[in-house]
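Residue numbering for the sequence shown follows numbering that gives the first Met the number 0, starting at 0 and increasing by one per position.
Here's the structure, in structure tokens; my notes come after.
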Amino acid sequence: MKLYAPSTIRDIKERYGFKLSKSLGQNFLTDKNIIDRIVESAGIGPEDLVIEIGPGIGVITREAAEYAKKVVAVEIDSNLIPILEETLGDCDNVEVVNRDILKTDVNEIIRNCGENFSGVKVIGNLPYYITTPIIMKLLEDGVNADSITIMMQKEVADRIKAAPGTKAYGALSVAVQYYCTVEAVVNVPKDVFVPQPKVDSTVLRLRIMEEKSVELADRDVFFSCVKAGFGQRRKTLLNSLMGIENITKEGVRQALEAAGIDPSRRAETLNLEEFARLSNEIYSML
Ligand code: SAM
Numbered sequence: 000m001k002l003y004a005p006s007t008i009r010d011i012k013e014r015y016g017f018k019l020s021k022s023l024g025q026n027f028l029t030d031k032n033i034i035d036r037i038v039e040s041a042g043i044g045p046e047d048l049v050i051e052i053g054p055g056i057g058v059i060t061r062e063a064a065e066y067a068k069k070v071v072a073v074e075i076d077s078n079l080i081p082i083l084e085e086t087l088g089d090c091d092n093v094e095v096v097n098r099d100i101l102k103t104d105v106n107e108i109i110r111n112c113g114e115n116f117s118g119v120k121v122i123g124n125l126p127y128y129i130t131t132p133i134i135m136k137l138l139e140d141g142v143n144a145d146s147i148t149i150m151m152q153k154e155v156a157d158r159i160k161a162a163p164g165t166k167a168y169g170a171l172s173v174a175v176q177y178y179c180t181v182e183a184v185v186n187v188p189k190d191v192f193v194p195q196p197k198v199d200s201t202v203l204r205l206r207i208m209e210e211k212s213v214e215l216a217d218r219d220v221f222f223s224c225v226k227a228g229f230g231q232r233r234k235t236l237l238n239s240l241m242g243i244e245n246i247t248k249e250g251v252r253q254a255l256e257a258a259g260i261d262p263s264r265r266a267e268t269l270n271l272e273e274f275a276r277l278s279n280e281i282y283s284m285l
């Protein structure tokens, strides 16, 4: 039986009376090559722990279980739990957790799995309605993993990997690139999902950096600068940063000068290193 075949999904829906939920972003993968690409690009080793977000009926889970020592799959939809018991019943190294990933302490799951793993890989074909909150939660919580290999809406992937000076470059690019190196694995067309989403997808591999590429005096001030700068992206930095942390226009001017950044530039032209330099100068004035 091919678990990923559209006929299998139809059969499961019929036997369990299962209805795909649009609001939970349930677009199930039906292409073995893409499933393989996700799992292979995650670089899972035989001693690794895998945390999967949103297993659906378990197509990626089964594949990952072949490579990993253990897989913990976090699925919000309780209607999928009996289905996963059937489809993953013969996989001794898989545990399914019926929870909302946004309300889950992933590090606690990792800790509860014990010490006997050489690495931790997060994987998943994400529900598109909450892609950004999931990624930011994992990164801000300091998830104790080596990498996050995930499929998402192509437009979000484009924003995450965007370079300064491009239209897609924004607060999300800077935030993710602060924590990770970003690598595009593969673009995925709509027609490999049931049901077909309206958008194309991309698989990204985010490798979490142990040592960040920039040093921040204060992470909150850095993110305030990034947020304020892109919040009013048409404005110059001099105007868009005024007011953050109660800093005056003159204060922003001095910080920009000390950081060697032209005050007439806009946030979308600053690279990560420049944002770090600027926020460190602002922090030193507070
Ligand atoms: N991995 C399966 C596949 O590739 O066929 C399913 C992917 S589907 C795009 C997204 C999955 O995430 C669904 O199974 C959905 O129920 C689940 N999901 C949605 N919101 C979730 C949340 N907050 N926490 C955990 N799982 C969630």
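Here a beta-carbon is modelled for each residue, glycine too, at the ideal position from N, C-alpha and C.
Remember, predicted model here, so these are calculated numbers, not experimental data.
- Ile260 and Leu277 do touch by the CB rule: their CB atoms are close to 6 Å apart, below 8 Å.
- The beta carbon of Val142 sits no closer than 7 Å to any heavy atom of ligand 1.
- Thr180 and Gly44 have their alpha carbons spaced roughly 20 Å apart.
- Every alpha helix (DSSP H) stretch that sits fully inside the region 76 to 123 and reaches 4 residues is listed by chain position as 80 to 86, 105 to 111.
- The Cβ atoms of Glu256 and Val220 do not sit closer than 8 Å to each other.
- Between the alpha carbons of Leu125 and Ile52 lies a gap of roughly 7 Å.
- The three-state reading of DSSP puts Leu203 in strand, counting E and B together.
- For Ile82, the closest alpha carbon among the candidates Lys18, Gly228, Arg265, Ile281 is that of Lys18.
- A direct Cα-to-Cα measurement between Asp145 and Glu249 gives close to 42 Å.
- Bridge partners of Ile52 according to DSSP: Val73, Gly123.
- Under the three-state reduction of DSSP, Val181 is assigned to strand.
- In the DSSP assignment, Thr60 falls within the unbroken alpha helix (DSSP H) covering 58 to 66.
- Look at the beta carbons and you see the region 188 to 205 not touching the region 231 to 244: under three pairs across the two are nearer than 8 Å.
- Distance from the CA atom of Asn115 to the CA atom of Glu46, rounded to whole angstroms, is 8 Å.
- Of the residues assessed, Leu101 falls on the exposed side of the cut-off, its CB having fewer than 16 other CB atoms within 10 angstroms.
- Note that the C-beta distance between Ala161 and Ser172 is below 8 Å.
- Secondary structure at Val198: coil, using DSSP grouped into helix, strand and coil.
- Closest in alpha carbon position to Gly118, among Asn106, Tyr127, Tyr128, is Asn106.
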